[in-house]
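Residue numbers for the sequence shown follow the numbering used here, so the first one is 1 and each next one is one higher.
Step one of this worksheet: look at the structure below.
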Amino acid sequence: MDDGVGMRLALEGKKTLTIGTDNLELHDPVAQKSGRTSCAPLSFGGSGKKSIPLYNVLWAEVSNNRITVDFALHASKTVIKPDKWSIPLAPIDSESPNDPSVATFISTLLARAYGEAIPRKRAYVLVNPNSGPGGAVRLWENEVKPLFQAARMELDVVMLTRGGEATELAEKADLTKYDTIMACSGDGTPYEIFNGLGKRPDAGHALASMAVSHIPCGSGNAFSCNLYGSHRASFAALAIIKSIVTPIDLVSVTQGNNRMLSFLSQTLGLIAESDLGTEHLRWMGSTRFEYGVITRMFKKTCYPCDLAVKVEIEEKSEVKAHYKHHASNTSLANLAKKVETTESGLPELKYGTVQDPLPEGWELVPYDKIGTFYAGNMAYMSPDANFFSASLISDGCMDLVTIDGDLPPLTALQVLLDVESGKFFDNPHVSYKKISAYRIIPRDQDDGYISVDGERIPFGPIQAEIHQGLGRVLSKTGKYEAEGPINWDKEDGGAHGLWSCHGCCRLLPHHDNLHQRLTSNDYSYPTSATHRRPPQTPKRMRFGSPRGIKGGRAPSGPWGRLKPVEQDPLQSIGLPSKGDTRYARAVNMALEATASGSSRGPSSSALQDPDNTKALSDVMMALRKLREGIVASKRADDFSIQAYLFCIRLSVLVKHPESYHPAILHLLRHIKPLHPMTSIEIQEVVGYLILDTACRRRELADAFSIRHEFQIKDSKLDTALHALTHDNYILFQRVKKDVDRHRAKLLEWADGDIRLHTLKCFGRAYLGVDLGFLEMATDAKWKDLKENDGVGWELDEERVVIRRIKVR
């Protein structure tokens, strides 16, 4: 009976409790024989056994000759609730008296259930009612507090009323009374707690002795995702109950005369803009960040700066080897535990502050094309954003990611998608380093965003350096719960970092105004009379790169299930080599066509240009890959909706129903029920579906049925349906000129039928008509009517002779 495994306690009615290796088992032989139990709250099934994972056991005690076991029950996929067993003990004169005493059984059970974790933790809880969407109080009262009470934790709860209050409370707290200071909030309150501890006269001792913990109630909840593996409040609560004290690296950030402590990240550029620039959208939760990124990435904005970095590990392959060394054993945890802080205050800055001369050996290098500067101390920045997959909890290094800001739009989009699919680390456009310090000086900007742990600081130069094992946190397993880089456990000889912030790949600047379309929610693209599907073949896809970085991309995650194509379309439009202007010309053609209100599309010569057709075909194939990736990953959020709207609008303009029709159906049937769309978006997409049904599929009854199902009220749409129903060619041509470009393209599917009906009407009703009236009614030139529609009428100067009166 090693460590209590197999220890048994006899209960009333021949039931027994047994401590297993990983479970606490309740056995009822009577239930096994009869298939039922006399103990109503318990359900044993045919085996007569019921078990609880020891990890879920919260407390056990005896009272009035009954043993009560409190445990955490997974009530659903998103909520854990406390539950209990309360069962009478076996009588003293029972045939099966208890071998161990009840007290011994309970103490052994709790020792097995808690391991190295401290039971009955004493927590100083700081609840921020204004965090994220604003549900912190409800989550605390309904999901978290009941679990803590079931675990017999001692709670001292404070409701925060203003920003900075958590800093003051942590600075003045009596640390001898608590095992942890707990933030029930977003990531801003842990930031304040660390900095409050850092302001104490005994800052070094306070940071090394007081563990910080976190209940996720905000937008990003990175602290909880990394240390407890979940952004759900009750899941984090259970992890905190069973957590162990773990050292964590902290970063000193200096700006002017100020010094602050960072536990999460520091960023300048696209990420900071997408986070701090969407504060007004906190009601969206974590999706506000993705919304911020997608609405900004098409601007191709760069953030010029001067940068100096103390690099510790430069190549990506070496970063993976470093991660493998520490993730494969406990050396990192053991090393961190040996870190002792002897200073009474914060540790001395090894490299000085941003106001000091540049440290010896450092060199400020100007970078003009940085789009994202991101230094991280944790892996997850939000539940689905594992930006720093090689991050370790206490290795004495920050992870630095830099990305150029002038990447083509679809390439930037692919980089964003790679974050969630796990391929971000290996993306050739992502520079990834292990560093210990840096200095960054923004330039050519009067104002902007710099974020430290999600909190905005003044826009200006900053310097940062890391302190190994300076802080303490409560963690689930003594390490981060995030997965490492793909194939980190295998030898990787081909992955190399690109430490050139001046350009991960050098591209000729494209005249790209797509950001104007995205900002105005108008994703207009060119029309095309033809669309070629690329043939299917090779099983291996390759990225082309101006820097010569080549190699097959091994499929992984949802992207591994995509159909093979002739070549990766991103090679043609996302990563053009120097001098390749096909993508630029395709986009310019789109913009010119869209800007022209009178023109129905580009010139015939432009459409017949093989390069233009191929470039447009590549765009369509890239967007198809994007949709297939979203479907495979089963995501339904703002990003998915915007991506699908983009694809639908483009496909409608190029009259490619194979793309827009299934995209509309998937958006309405699978994404909309899971994530709300705005009424304007619904009306737009359903309008496209109605016109496609009526014009291309020629199913007027179905079109009216769809209109009724979605309760669409649109006068122009009604006019179009009325014209189609009554073959009113005059009204049809009028409404084509009144609707927007996308709807006009869908109405073109009915042009042939309407024109044929118009010609029949003219043939039966007129002897002759003016040429201009005929061309207006049919929306076609006389030459086209003769050649394409087989019109045999005669043209007499400006009058068309339909029938001549026979003279008798």
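Beta carbons are placed, not taken as given, at the ideal position from N, Cα and C, and that holds for glycine.
Element boundaries [alpha helix (DSSP H), containing W793]: Translated into positions along the sequence shown, residue 793 becomes position 793. Going by DSSP, W793 is part of no alpha helix (DSSP H) at all; its letter is neither H nor E.
Cβ-Cβ distance between D174 and A211 below 8 Å: The residue labelled residue 174 in the question sits at position 174 within the sequence shown. The residue labelled residue 211 in the question sits at position 211 within the sequence shown. Cβ atoms of D174 and A211: not closer than 8 Å.
CB of P82 within 8 Å of CB of A150, strictly: Stepping through the sequence shown from its first residue, residue 82 is reached at position 82. Stepping through the sequence shown from its first residue, residue 150 is reached at position 150. Here P82 is near A150, since their CB atoms are less than 8 Å apart.
N-terminal and C-terminal residue of the alpha helix (DSSP H) that F732 is part of: As a position in the sequence shown, residue 732 is number 732, starting the count at 1. That run of the alpha helix (DSSP H) goes 729-738.
Per-residue burial, F388 [other beta carbons within 10 Å of its own, 16 or more giving buried]: Along the sequence shown, one-based indexing puts residue 388 at 388. With 16 or more Cβ atoms within 10 Å of its Cβ, F388 is classed as buried.
Alpha-carbon spacing of F704 relative to I690, whole angstroms: By 1-based counting over the sequence shown, the position of residue 704 is 704. By 1-based counting over the sequence shown, the position of residue 690 is 690. C-alpha of F704 to C-alpha of I690: approximately 8 Å in a straight line.
Boundaries (first-last residue) of the alpha helix (DSSP H) holding K145: On the sequence shown, position 145 is the one that residue 145 refers to. Per DSSP, the unbroken alpha helix (DSSP H) holding K145 starts and ends at 145-150.
Cutoff 6 Å; reference A385; Cβ partners in own chain excluding five residues on either side: Translated into positions along the sequence shown, residue 385 becomes position 385. Here A385 has V419 as same chain residues with Cβ atoms under 6 Å from its own Cβ, once five neighbours each way along the sequence are excluded.
Span of the alpha helix (DSSP H) around I489: Taking the first residue of the sequence shown as position 1, residue 489 is located at position 489. The amino acid occupying residue 489 in the given sequence is Asp; Ile does not appear at that position. No alpha helix (DSSP H) contains D489, which DSSP labels as neither H nor E.
Beta-ladder partner(s) of G220, from DSSP: Along the sequence shown, one-based indexing puts residue 220 at 220. According to DSSP, residue pairing for G220 in a beta bridge does not occur.
Beta carbon of S224 nearer than 8 Å to that of A236: On the sequence shown, position 224 is the one that residue 224 refers to. On the sequence shown, position 236 is the one that residue 236 refers to. Yes, these two residues count as a Cβ contact at 8 Å.
Distance, V631 Cα to R540 Cα: One-based indexing of the sequence shown puts residue 540 at position 540. One-based indexing of the sequence shown puts residue 631 at position 631. Caution is warranted here: a pLDDT of 30 is assigned to R540, below 50, making its placement in the model unreliable, and the coordinate value is therefore given only provisionally. V631 has its alpha-carbon roughly 21 Å from the corresponding atom of R540.
Length of the line joining the Cα atoms of E775 and W782: Within the sequence shown, the letter at position 775 stands for residue 775. Within the sequence shown, the letter at position 782 stands for residue 782. If I take the Cα positions, the gap works out to 7 Å.
CB-CB length for Y380 against N195, believed under 8 Å: By one-based count along the sequence shown, residue 380 stands at place 380. By one-based count along the sequence shown, residue 195 stands at place 195. Actually they are not in contact, since the Cβ atoms of Y380 and N195 sit about 21 Å apart, beyond 8 Å.
Anticipated Cβ contact below 8 Å, Q642 with I294, distance rounded: Looking up residue 642 in the sequence shown gives position 642. Looking up residue 294 in the sequence shown gives position 294. Rounded, the Cβ-Cβ distance is 6 Å, consistent with contact.
CB-CB length for A239 against K476, believed under 8 Å: Position 239 of the sequence shown holds residue 239. Position 476 of the sequence shown holds residue 476. Yes, A239 and K476 are in contact; Cβ-Cβ is about 4 Å, under 8 Å.
Same chain only: Cβ atoms within 7 Å of P366, ignoring 5 sequence neighbours per side: Counting from 1 along the sequence shown, the entry for residue 366 is found at position 366. Here the set comprises D306.
Rounded separation between D202 and A208 - CA only: As a working note, residue 202 is residue 202 in the sequence shown. As a working note, residue 208 is residue 208 in the sequence shown. One alpha carbon belongs to D202, the other to A208, and they sit about 10 Å apart.
Cross-strand partners of V821 (DSSP beta bridge): Here the chain covers residues 1 to 808 and nothing more, so residue 821 does not appear.
Whole-angstrom C-beta distance between M7 and F105, which should lie under 8 Å: By one-based count along the sequence shown, residue 105 stands at place 105. By one-based count along the sequence shown, residue 7 stands at place 7. Cβ atoms of F105 and M7 come within 8 Å of each other, at about 6 Å.
Close beta carbons around Y480, own chain, < 6 Å, minus the five adjacent residues each side: Residue 480 sits at position 480 when you count from the first residue of the sequence shown. N226, A379, I393.
Exposure of G256, with buried meaning 16 or more beta-carbon neighbours within 10 Å: What you label residue 256 is simply residue 256 of the sequence shown in a count that begins at 1. In this structure G256 is exposed. Its beta-carbon is surrounded by fewer than 16 other beta-carbon atoms within 10 angstroms.
Strand pairing of I457, partner residues [DSSP]: Here residue 457 is taken as the residue at index 457 of the sequence shown, counted from 1. Under DSSP, I457 takes part in a beta bridge, and its partners are I450.
Segment limits, alpha helix (DSSP H) that includes L665: Here residue 665 corresponds to residue number 665 of the sequence shown, with the count starting at 1. Element bounds for L665: 657-666.
Whole-angstrom C-beta distance between P119 and L809, which should lie under 8 Å: Since the first and last residues shown for the chain are 1 and 808, residue 809 lies out of range.
Residue range of the unbroken alpha helix (DSSP H) whose run includes H326: As a position in the sequence shown, residue 326 is number 326, starting the count at 1. Segment 316-327, the alpha helix (DSSP H) holding H326.
Classification of C761 by the beta-carbon crowding that lies within 10 angstroms, buried from 16 upward: Start at 1 with the first residue of the sequence shown, and residue 761 comes out as number 761. That one is exposed.
Assigned exposure category for H214 - 16 Cβ within 10 Å defines buried: Locating residue 214 in the sequence shown gives position 214, where the first residue counts as 1. If you draw a 10 Å sphere on the C-beta of H214, you find 16 or more other C-beta atoms in it, and that means buried.
Check whether G186 and C217 have beta carbons under 8 Å apart: Working through the sequence shown from its first residue, we reach residue 186 at position 186. Working through the sequence shown from its first residue, we reach residue 217 at position 217. Yes, the pair counts as a contact, with Cβ atoms nearer than the cut-off.
First through last residue of the beta strand (DSSP E) which encompasses T372: Along the sequence shown, read from residue 1 onward, the residue named residue 372 stands at position 372. DSSP places T372 inside the beta strand (DSSP E), whose first and last residues are 370-376.
For L400 and K433, believed in contact at Cβ under 8 Å, the rounded distance: Here residue 433 is taken as the residue at index 433 of the sequence shown, counted from 1. Here residue 400 is taken as the residue at index 400 of the sequence shown, counted from 1. In this structure, K433 and L400 form a Cβ contact; the two beta carbons are roughly 5 Å apart against a cut-off of 8 Å.
Start-to-end residues for the alpha helix (DSSP H) that takes in A203: Numbered from 1 along the sequence shown, position 203 holds the residue referred to as residue 203. A203 -> alpha helix (DSSP H) spans 203-209.
Spatially closest choice to G484 from G115, D275, A321, A136, by CA coordinates: The sequence position of residue 484 within the sequence shown is 484, counting from 1. Looking at the Cα atoms, A321 is the closest of the given residues.
Cβ-based burial, D249 [other Cβ within 10 Å; buried from 16]: On the sequence shown, residue 249 is found 249 positions in, with the first residue counted as 1. Under a 10 Å Cβ-count criterion, D249 is classified as buried, with 16 or more other Cβ atoms of the shown protein chains found around its own Cβ.
Three CB pairs or more closer than 8 Å across the segment 438-451 and the segment 267-282: A contact exists between the segment 438-451 and the segment 267-282.
T301 beta carbon less than 8 Å from that of G405: Residue mapping note: residue 405 aligns to position 405 of the sequence shown, counting from 1. Residue mapping note: residue 301 aligns to position 301 of the sequence shown, counting from 1. In this structure, T301 lies closer than 8 Å to G405 by Cβ.
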